[in-house]
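Trainee: Dropping a structure here in structure tokens format, bear with me for questions.
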Amino acid sequence: MTIEDKNNPYIAAYEREKRARLKAEEILESKSRELFLKNERLQESYELLQKQQTAMLQNEKLATLGTLAAGMAHEINNPLAFVKSNIESLTQYHASYARFATFVNSISSHLPDEFQSQLKALQQEEDIEFIQEDLPELMSDTVEGLTRVRDIVMNLRSFARTQSTDRCTANLVEGIQSTLKLLHSELNNDVNLKLDLQPVQDISCNPNELNQVFLNLIINAKQATEGLERPTIAISSSTVQSEIIIKISDNGQGMSKKVLKEVFVPFFTTKPVGEGTGMGLSIAYGIIKDHNGEINVSSVEGKGTVFTIKLPIN
Ligand SMILES: Nc1ncnc2c1ncn2[C@@H]1O[C@H](COP(=O)(O)OP(=O)(O)OP(=O)(O)O)[C@@H](O)[C@H]1O
Ligand SMILES: [Mg+2]
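Residues in the sequence shown are numbered from -18 upward in steps of one, following the working numbering.
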């Protein structure tokens, strides 16, 4: 700038205006940055809120279903008990009838001809031979069906159980180990088991219920890897800050996004009728919630699944 320029009021005004503009731009930029960060935080809060809302709805839904399940289990349990006891009586009665029929058959040749032919006609008319053959199978199928119904009722009950107060101090790693012992014969033959069990602190919990969770998850993992050339289940335990983290993963079939959304819903199953009740994971979910913990799942179709359990060290 020359002396002439300095004295030029227009140029001086221009310079002043330029400085003011730069300053304003600077302020604007810093305000924009602030706004951007605030917006980002708002977005995060919004997402968190949405997640919490979904979790809350899920909890409410589960609580309602729990009450419903408890009622249903109770209603089904009584008739189930008498149907079961009647079937036992029927089995005994059939044995008596079978003895009687065999005896009648054995003496039929001593009867007068007229009675002999009447007896034969009656036997054919009523298809007695077939009934004798078919009855035991019908009975055992019925007992099997009843056992399945009983299992479902039991599952419903453990899903609906009121908040358990049956707490003691226990160690989760020991729980996993004893669950694995229980599953020994089921797993050892063909599953490659990878354990990374780091020692964890004892916590106050209901160890039976938590073992039930491990059992349900490991059985699911086993079922998901069936038919694979190298089925692998990995189980790990660790401590992060004040939480115990248990991971149960498999290299099985994985889940589609649609299945993934439903896994914790009671009665949701992709297994054929009669093979799964669809209660395993909803029971697990309820138990972990009762322990103020969290259970999450991530899965890739065709690759495998990871279930992560987080439990607070009280
Ligand atoms: N590890 C896994 N890999 C792939 N799919 C899984 C896995 N675990 C659960 N699932 C899916 O979630 C569904 C629900 O599981 P859940 O344990 O609740 O019921 P289920 O195994 O079908 O029946 P149940 O446990 O009563 O015998 C399963 O049918 C399956 O589709
Ligand atoms: Mg299951």
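Each residue gets a CB set at the ideal place from its N, CA and C atoms; glycine is no exception.
So the alpha helix (DSSP H) K228 belongs to, where does it begin and stop?
Mentor: Residue mapping note: residue 228 aligns to position 247 of the sequence shown, counting from 1. Per DSSP, K228 belongs to no alpha helix (DSSP H); it is in the beta strand (DSSP E), E224 to D231.
Trainee: So the candidates are V244, E207, P247 and L153; which of them puts its Cα closest to the Cα of N232?
Mentor: Taking the sequence shown and counting its residues from 1, the one referred to as residue 232 is at position 251. Looking at the Cα atoms, E207 is the closest of the given residues.
Trainee: With DSSP run on the structure shown, which of helix, strand or coil describes T150?
Mentor: Locating residue 150 in the sequence shown gives position 169, where the first residue counts as 1. In this structure, T150 counts as strand in the three-state DSSP scheme.
Trainee: Please tell me whether, using a cut-off of 8 Å, the distance from the CB of N295 to the nearest non-hydrogen atom of ligand 2 is below it.
Mentor: To locate residue 295, count along the sequence shown from 1; it is residue 314. Not so, every heavy atom of ligand 2 lies at least 8 Å from the Cβ.
Trainee: At a cut of 8 Å, does the stretch 48 to 58 reach the stretch 80 to 93 through at least three beta carbon pairs?
Mentor: Touching, no.
Trainee: Return helix, strand or coil for F81, following the three-state DSSP convention.
Mentor: Within the sequence shown, numbered from 1, the residue matching residue 81 stands at position 100. In the structure shown, F81 sits in a helix (DSSP, three-state: H, G or I).
Trainee: Quick check on DSSP: helix, strand or coil for I214?
Mentor: Locating residue 214 in the sequence shown gives position 233, counting from the first residue. I214: strand per DSSP, three-state reduction.
Trainee: Please state the DSSP three-state secondary structure of T251.
Mentor: For this step, residue 251 is matched to residue 270 along the sequence shown. Of the three classes helix, strand and coil, the one that applies to T251 here is coil, per DSSP.
Trainee: Mind checking which residues open and close the beta strand (DSSP E) that includes I200?
Mentor: Position 219 of the sequence shown, counted from the first residue, corresponds to residue 200. Premise fails: I200 lies in the alpha helix (DSSP H), P188 to T206, not in any beta strand (DSSP E).
Trainee: Taking 7 Å as the limit between beta carbons, can you name the residues of its chain near G285, skipping five residues before and five after?
Mentor: Counting from one through the sequence shown, the residue named residue 285 turns up at place 304. Here the set comprises S230, D231, N232, G233 and G235.
Trainee: In three-state DSSP terms, what is L92?
Mentor: Residue mapping note: residue 92 aligns to position 111 of the sequence shown, counting from 1. DSSP places L92 in coil when its eight states are reduced to three.
Trainee: Is DSSP giving D177 helix, strand or coil here?
Mentor: Taking the sequence shown and counting its residues from 1, one reaches residue 177 at position 196. Strand.
Trainee: Which residues count as close to ligand 2 when the rule is a CB under 6 Å from any of its heavy atoms, in chain order?
Mentor: After applying the 6 Å Cβ criterion, the set is N197, I200, N201, G257 and G261.
Trainee: Terminal residues of the continuous beta strand (DSSP E) containing V240?
Mentor: In the sequence shown, counting from the first residue as 1, residue 240 sits at position 259. Unbroken run through V240 is the alpha helix (DSSP H), K238 to E243; no beta strand (DSSP E).
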